[in-house]
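Right, one structure below, let's go through it.
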Amino acid sequence: SRDKDAVAAVMALCEAAVYYRMKGMTLWDQMQNLYRKYGYYKEELHTIVKMGADGLAEIQAVMEDMRRRPLSSAGGFKTVTVRDYLCDHMELPKSDVLYYELEDDNWFCIRPSGTEPKIKVYTGTRGNTEREAEERLAAIWKEIEKRLASG
1 SRDKDAVAAV MALCEAAVYY RMKGMTLWDQ MQNLYRKYGY YKEELHTIVK MGADGLAEIQ
61 AVMEDMRRRP LSSAGGFKTV TVRDYLCDHM ELPKSDVLYY ELEDDNWFCI RPSGTEPKIK
121 VYTGTRGNTE REAEERLAAI WKEIEKRLAS G
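This is the structure:
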């Protein structure tokens, strides 16, 4: 259950804190070591609200356009593949979702909200530094935002 999971997680965190303390380190120090070794992974969620009677039609038009004319790149990173969860043959349930895999560990995913008049765009990256990861996310989003604004 949730309450037991929380207790176990806190216990594991305390054990890790003691372990690294005995090595003269803090949890923050070790987290920075992990970032240096594996990179800085960052993700963001952006939402675009389309209100009113035309909102649903606009959202559907955006998704249709992204299917018909997929982005060849975003933020300077070439598109490696586009997975269309509505049309592609996958073992997952069909869903109005497009997942763009970009080069160099970058990606974005676009879908309409199931409950609100919104388009949701998730972006993700891995950078060698935190700043590089933030800059990559910003560049990817800027290009997607421009495309969505132009229709």
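The UniProt record's numbering applies: residue 1 is where the sequence shown begins, and numbers increase by one.
In this text, a Cβ means the ideal position worked out from N, Cα and C, and glycines have one as well.
Proximity below 7 Å, CB of residue i to CB of residue j
{"i": "GLN30", "j": "TYR20", "result": "yes"}
{"i": "ALA133", "j": "LYS42", "result": "yes"}
{"i": "LEU137", "j": "THR123", "result": "yes"}
{"i": "SER72", "j": "THR81", "result": "no"}
{"i": "MET63", "j": "ASP96", "result": "yes"}
Cut-off 6 Å between Cβ atoms - residues of its own chain near residue i, not counting five sequence neighbours on either side
{"i": "ARG83", "result": "TYR99"}
{"i": "ILE59", "result": "LYS50, PRO112, ILE119"}
Pairwise C-alpha distance: residue j and residue i
{"i": "LEU56", "j": "ARG36", "result": "44 Å"}
{"i": "MET11", "j": "TYR38", "result": "25 Å"}
{"i": "LYS4", "j": "GLU44", "result": "30 Å"}
{"i": "GLN32", "j": "MET25", "result": "11 Å"}
Buried/exposed call for residue i, threshold 16 Cβ in 10 Å
{"i": "LEU86", "result": "exposed"}
{"i": "ASN106", "result": "buried"}
{"i": "GLY52", "result": "exposed"}
{"i": "LEU13", "result": "exposed"}
{"i": "THR125", "result": "buried"}
{"i": "LEU92", "result": "exposed"}
{"i": "ARG76", "result": "The residue asked about is misnamed: residue 76 is Gly in this sequence, not Arg. Flag for GLY76 reads exposed."}
Contacting residues, own chain, Cβ-Cβ under 7 Å from residue i (five flanking each side not counted)
{"i": "ILE144", "result": "ALA74, PHE108, VAL121"}
{"i": "LEU27", "result": "ALA16, ALA17, TYR20"}
{"i": "ARG147", "result": "LEU71"}
Range of the contiguous beta strand (DSSP E) that encloses residue i
{"i": "LEU102", "result": "98-102"}
{"i": "GLU116", "result": "Premise fails: GLU116 is in no beta strand (DSSP E) and is neither H nor E."}
{"i": "GLU43", "result": "40-49"}
{"i": "LYS78", "result": "77-84"}
Residue i: CB within 6 Å of a non-hydrogen atom of the ligand FAD
{"i": "GLY114", "result": "Inclusion of the ligand FAD in the displayed structure is not the case, the ligand content being empty and no account of it being possible."}
Endpoints, the alpha helix (DSSP H) within which residue i is located
{"i": "LYS142", "result": "130-150"}
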